[in-house]
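Structure record follows, encoded as structure tokens.
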Amino acid sequence: MDKNETKIKKKIRISGNRTLIGILCILLALFITFGVAPLINQFSDRKTDIVRLRRNVERGHLITEEDIEIARVSTYNIPENVIKDASVVTGKYAAADLFAGDILFAEKLADDKKGASDILMDLNGRTAISVAIGSFAEGLSDKLKNGDIVSVIVYDRDKYMSYVVPELQYVRVIATTTSDGHDKDESGVSGRSATVTLLATREQAELLAQYNSVTSLHFALVSRGDETAADEYLRMQDEYLHAKTTEVNDG
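With this note's numbering applied, the sequence shown has no gaps in its numbers, which climb one by one up to 251 at the end.
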């Protein structure tokens, strides 16, 4: 076989391979165009109803039917926990400042309007006391929020030991406040929290003032967002305090 004949056969093989590749590319393109693309379009075209705000509302605002609207949107990229039923929203309070067009989640709503200022206006026989947050870690990495139930852990520098004070096992957070006096639950407030304000009995307030002066305080989150659980924790704390007072009086 001469060299010219060999070259011709090589060119035929290369041409045949290119033709095969071209055919495969065409078939792949057809598969994507008529197979995959319609499925993607069909998925992206699926619609669902969601609840979103029609106008701006401030934290603590009682949400009514006039504040919301039902919008039909694509299911693409819509979180599973978005609220779709208007009856779930009406009668709830805005947990933060919300804006027109916001889609709603349970985290943005509250069963009552009691922010920090609301609680301070109606202490209901208790006291409010602020203690210092000594470090980023002590303040739960700046994640404490109004309504949280926390346990106060005391670190005794002299004995090199830490413990939860029974009288401070369950305490409600009213607010965390920056060093320039702004509560962190206010819209737009930034900066690290310097203090945490707690709702306390007189006995608890005295202990907090004492420990804040001579030890380090850590705040361990016990409950958030569940008012039933929060009320139960506070009830157990009240029972302990009452039993202790009774024991002292009887003694």
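Ideal placement from N, C-alpha and C gives every residue a C-beta, glycine not left out.
None of these values were measured; they are calculated from a predicted model.
It is roughly 11 Å from the alpha-carbon of H242 to the alpha-carbon of E203. By the beta-carbon neighbour count (other beta carbons within 10 angstroms, threshold 16), E167 is buried.
When the Cα atoms are used, L140 and S193 turn out to be separated by approximately 10 Å. In this structure, A95 lies near K108, with their beta-carbon atoms less than 8 Å apart. Relative to V73, the option among I50, C25, I21 whose CA is nearest is I50.
A residue is called buried once 16 or more other Cβ atoms fall within 10 Å of its Cβ, and Q237 is buried on that count. Of the other Cβ atoms in all chains shown, 16 or more fall within 10 Å of the Cβ of K184; this residue is therefore buried. Between V89 and I63, the beta carbon gap of about 6 Å places them in contact (Cβ cut-off 8 Å). In the three-state scheme derived from DSSP, where H, G and I count as helix and E and B as strand, V150 is classed as strand. For D67, the secondary structure class from DSSP, reduced to helix, strand or coil, is helix. The Cβ-Cβ distance between F219 and V150 falls below 8 Å.
DSSP, reduced to helix, strand and coil, places K92 outside both helices and strands of the structure shown, so it counts as coil. Using a C-beta cut-off of 8 Å, the segment 223 to 230 makes no contact with the segment 153 to 161, since fewer than three inter-stretch Cβ pairs fall below that distance.
No Cβ-Cβ contact shorter than 8 Å links V171 with L144.
Look at I133 here: in three-state DSSP terms it is coil, with no helix or strand label.
With 16 or more other Cβ atoms inside 10 Å of its own Cβ, K92 counts as buried. A straight line joining the alpha-carbon of D142 with that of A29 spans about 53 Å. About 6 Å separates the beta carbons of I129 and L198, which is inside the 8 Å limit, making them a contact pair.
A check of alpha carbon separations from L53 across I26, P79, A86 identifies A86 as the nearest.
Linking A132 to E227 through their CA atoms gives a straight-line distance of about 26 Å.
The alpha-carbon of I119 is positioned some 21 Å away from that of S179. Note on D148: 16 or more other CB atoms within 10 angstroms of its CB, so buried under the neighbour-count rule.
Per DSSP, the continuous beta strand (DSSP E) segment holding R172 begins and ends at 171 to 178. Nearest to H61 by alpha-carbon distance, out of D97, A230, K47, is D97.
Of the candidates F105, G101, K244, F105 places its Cα closest to the Cα of I83.
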